[in-house]
Amino acid sequence: MATDQIEFNYENIKGTIVALDCPDYMDGLNTPGRHFHFVSDDRTKGGHILELAFDSSEAEFDATQGFDMCLSDDTDFQEMELSKDVNDAIKKVETNEE
Ligand SMILES: [Zn+2]
């Protein structure tokens, strides 16, 4: 599935990776399964990780039992067509899987 996602390749870069591991019941709010986000230490580069290799790392784990979801009160958002099934497009953007 084609998306308008822009892809970048970075090498020798330091930053933070946040892995999201969402259970199946989160389908519709996020992509079930695991996907990775990256932000560089200087906060100028980031996004979803599609491929990754690293020389060294530290890892921490946090099991979150809840979250707050804030929705926009902007008119454009309120009138947006959200009933369309975009799960395949979201999965492609977040995991690079078809
Ligand atoms: Zn994501």
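Residue numbers 4 to 101, in the working numbering, belong to the letters of the sequence shown in order. Backbone N, C-alpha and C define an ideal beta-carbon position, used for all residues, glycine too. This one's a predicted model, so the numbers in the text were calculated from it and none came from an experiment.
(request) Could you tell me which of Ser59, Met83, Asp65 and Glu63 sits nearest to asparagine 15, measuring between CA atoms? (result) Ser59
(message) At the level of alpha carbons, what is the spacing between alanine 56 and isoleucine 93?
(response) 23 Å
(request) With a threshold of 8 Å, establish whether the CB of threonine 34 neighbours any heavy atom of ligand 1. (result) In this structure, the C-beta of threonine 34 approaches ligand 1 to less than 8 Å from one of its heavy atoms.
(message) Beta-carbon within less than 8 Å of glutamate 10's beta-carbon, same chain only, minus the 5 sequence neighbours each way: which residues are those?
(response) Leu53
(request) State the start and end residues of the unbroken beta strand (DSSP E) segment that holds glutamate 19. (result) Sequence inspection shows threonine at residue 19; the glutamate mentioned does not correspond to that position. Its beta strand (DSSP E) spans residues 18-25.
(request) Check aspartate 30 in the structure and name its three-state DSSP category. (result) strand
(message) For ligand 1, is there any heavy atom lying closer than 8 Å to the beta carbon of leucine 55?
(response) No.
(request) Please classify valine 42: does DSSP put it in a helix, a strand, or coil? (result) strand
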